[in-house]
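If you read the sequences in order, they're chains A and B.
Just so you know, UniProt numbering puts 178 at position 178 of the first sequence, and the rest follows in order with no gaps.
Just so you know, UniProt numbering puts 108 at position 108 of the second sequence, and the rest follows in order with no gaps.
Glycine included, every Cβ here is placed at the ideal spot set by N, Cα and C.
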Amino acid sequence: MLDASPPRKKLVEVKNLKMYFPIHTGLLRRHTGDVKAVDDISFDIYEGETLGLVGESGCGKSTAGRALIRLYELTSGSVTIDGVDIATLSAEQLRLKRPTMQMVFQDPQASLNPRMTVSAIIGEPLDEHTTLTKAEKLARIYELMDAVGLNRNFANRYPHAFSGGQRQRIGIARALALNPKFIVCDEPIAALDVSIQAQVVNLLEDLQEKFGLTYLFISHDLSMVRHIADRVAVMYLGQIMELSARDALYADPLHPYAKALLSAVPEPDPAKAARARIILQGDVPSPANPPKGCNFCTRCPQVIPVCREVQPALTEVAPGRFVACHLVQPTALTAGPTGGTEAKEHNQQGATR
Amino acid sequence: MPDGALPVLDVKGLKTVFRTRGGEVHAVNSVSFHLQPGELLGVVGESGSGKSVTMMSLIGLLPSPPADVREGQVLLGGMDLLRATPDQLRAVRGARIGFVFQDPMTSLNPVFNVGNQIMEPLRKHMGMDRKAARQRALELLELVGIPDAARRLDDFPHQFSGGMRQRVMIAIALACNPEVLIADEPTTALDVTIQAQILELVKELRQKLGMAIVWITHDLGVIAGIADRVMVMYGGQVVEQAPVRELFANPQHPYTRALLKTIPKVSGEREGRLQVIEGQPPILSAAPTACPFRARCAHAFDRCHRENPQRRAIGAGRVGYGHDVACHWTPEVTHA
């Protein structure tokens, strides 16, 4: 897990991804507007890394994660995973592509079928995508249960017999069944107790090392993302506000929203509790009716007139740091030797290297 | 907190058992604590540690059956709430003890506007007429920082955002100037930036109104920021209790120590691998005869399996007033 390693392969390339949900009103159910859950985001995920995606509820982070493996039909944009643009694949082509990309869901209670045994749940992807014999399949199921730390003897039990943390392990085993390259973890620890969260996070890290997995780790828990992610994208109202390497972001967030978000996290240390907090006023606007200009302009403590008019583009302001803010300009920073290469390209980070 | 001041709330040896078809669940076992005037007591623990059940037992909010508050004493200014009549309890709830629950969506009534919901305790407990109650409701909404309060009074809960709804809940809880405010995970359902707003509000209100607060949470970060004193619960028992700085600087119980190490931090040195507490929380199907944490404890020895440890003071002071811990392993004196 290096921060600035030599040329790395891009496993996932997201370009101008938009995910709108239509609003139909009136007697005729006419299409009168859209909930812009994800509004034009672009980023790359490199092979073997963990990209953290953080933001408050309703910012579109889960929608982005689901759209990334095409659990929704995209409104527009492209998602290239391992060289294939999955946005345009036919249903059958997509089905064949599924084994490379898997998902771990937030609620282990809701994402496991209560009427299937653990071995049936973990074995289902194998039934669908492989031609293993019964014995081979069982061997694979046991192997997966070992990998996630579940007792083999419980293979014939039902999900209700397991605790939350164990259920999440079942969900992880199912995601691993087909040797995926890329796993979207959508708030995998949000429903778990603090002492169990660490167990699951350590497991995810071990599996990443063992199988060379690439994660998109979606979470609202900024401390946990700091622990697990290599790079972090901060979303607000459907857009990426800042995308930086983990250490750089936590040491010195550049976007005003990233600053406020990080300062709002309560620290488990009474000595630090008195530190200056940025308290944002008001609430997040509705994604059906985002403000004109920058999406954050209604709550931004540093708002200037241009913010209410022009939407800032996500720009590389320093090596490896992408910020969408009028106040943070590449020239204002000591961008180092690469300062000359202005990243003008709209939302094309990664490509500017 | 000085020993001398008379506590507003004094809970002694509280025991709550649920009788279910699958047998008994001993959710709260001999929990004792007290609350000084103006103090904020943080209660931390995982789900199932008994923190919410303890607080609900205090003022008879648990349906019985299945709940059975078996033993103990809950003294509120000399009155034992466990032996109070339903009428007496009703006069306490909402008037002398205010409650804020976790989920502001389900704890407000969706068919009444928020003005009426704030006015309800005022009219019931304080005997105000509609006009006076409405005036007071308006003041309360302004107090909790809802913009344009006069107009919002006639709005319904669904017209408020999560953070605003929680402010309304706080306004209701504060309506009758309670001596004690019990807040059960009031910010857990909220986003961090909204949580920061509510925490600021509570700090401000404490200074203005000076009531005592019990703040239940599983988030040690929140506790570090607002509490004066912390009580750590595990398996239905109090395992450690200390002033907030003391607890974070010098945790004694193996559970508290491990818990502080499992949580990653947003600043400072980035930790390597997270320390885990192996295993699962205990199932409380019988009255405890051993330490509830023994199965997950790195330091457990034979005595831990035989005998449930009692709370004892660390250093000087009495149990409940300084730093105390319920553990056989913790050395008698750890202060230099």
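Q: Please state whether DSSP places M224(A) in a helix, a strand or coil.
A: helix
Q) Of all the CB atoms in chain B, is at least one closer than 8 Å to the CB of P305(A)? A) no
Q: Could you tell me which chain A residues have their CB closer than 9 Å to the CB of I263(B), listed as they occur along the chain?
A: V194, Q197, A198, S223, M224, P268
Q: Could you work out which residues of chain B lie near H227(A), taking near to mean beta carbons separated by less than 9 Å?
A: P264, K265, R270, E271, L274
Q. So who's on the other strand from T217(B), going by DSSP bridges?
A. V44(B)
Q.
If distances are taken between C-alpha atoms only, which option among M145(A), G52(A), S119(A), K36(A) comes closest to F43(A)?
A. G52(A)
Q. So, using beta-carbon positions, are A183(B) and V144(B) closer together than 8 Å?
A. no
(Q) In whole angstroms, give me the CA-to-CA distance for T188(B) and P264(B). (A) 18 Å
Q | With 16 other Cβ atoms within 10 Å as the buried cut-off, status of A196(B) | A | buried
**Q.** Euclidean distance between Cα positions of V8(B) and L61(B)
**A.** 20 Å
Q: Count the C-beta pairs between the region 131-139 of chain A and the region 96-112 of chain A that are closer than 8 Å, then say yes if the count reaches three, no if not.
A: no
Q) Would you say G162(B) and L190(B) are within 8 Å of each other, going by their C-beta atoms? A) yes
Q. In chain A, which residues lie with their C-beta within 8 Å of the C-beta of Q195(B)?
A. A264, P266
Q) What are the residues of the region 230-247 of chain B that lie near chain A, defined by any Cβ-Cβ distance shorter than 7 Å? A) V244, R245
Q) Buried or exposed: V111(B), going by 16 or more other Cβ atoms within 10 Å of its Cβ? A) exposed
Q: Tell me where the beta strand (DSSP E) around A300(B) begins and ends.
A: From DSSP, A300(B) is part of no beta strand (DSSP E); its letter is neither H nor E.
Q | V114(B), DSSP secondary structure in three states | A | helix
(Q) L35(B) and residue 361(B) - do their beta-carbons sit closer together than 8 Å? (A) The question about residue 361(B) has no answer, for chain B in this structure spans 1 to 336.
Q: Whole angstroms is fine: what's the gap from K10(A)'s alpha carbon to G65(A)'s?
A: 17 Å
Q) DSSP beta-bridge partners for P22(A)? A) D34(A)
Q: Tell me whether V310(A) is buried or exposed, calling it buried when 16 or more other Cβ atoms sit within 10 Å of its Cβ.
A: exposed
Q | Among R306(B), A326(B), P309(B), A287(B), nearest to V25(B) - alpha-carbon criterion | A | A287(B)
Q. Under three-state DSSP, which class holds V11(B)?
A. strand
(Q) Less than 8 Å between the C-beta atoms of L327(A) and R299(A), yes or no? (A) no
(Q) Please report the straight-line C-alpha distance between R270(B) and P188(A), rounded to a whole angstrom. (A) 21 Å
Q.
Distance check for A326(B) and A258(B), CA to CA, integer angstroms please.
A. 15 Å
Q. Alpha carbon to alpha carbon, how far is G33(A) from I23(A)?
A. 5 Å
Q. Within the 8 Å Cβ cut-off, does A224(B) reach chain A?
A. yes
Q. Quick one: does R29(A) have its CB under 8 Å from some CB of chain B?
A. no
Q.
Against V92(B), what residues of chain A qualify as contacts under a CB-to-CB distance less than 7 Å, listed in chain order?
A. Correct list: empty, because the minimum Cβ distance to chain A is about 31 Å.
**Q.** Under 8 Å between C-beta atoms of E13(A) and H220(A)
**A.** no
Q. Is there contact between the region 171-184 of chain A and the region 209-226 of chain A, where contact requires at least three CB pairs shorter than 8 Å?
A. yes
Q) What are the start and end residues of each continuous beta strand (DSSP E) run of 3 or more residues lying completely inside the region 137-203 of chain A, in chain order? A) 182-186
(Q) For M233(B), list the residues DSSP reports as bridge partners. (A) V238(B)
Q: With a 10 Å radius around its C-beta and 16 neighbouring C-beta atoms as the bar for buried, classify R174(A) as buried or exposed.
A: buried
Q: Determine the direct distance from the alpha carbon of G210(B) to that of Q117(B), and round the result to whole angstroms.
A: 24 Å
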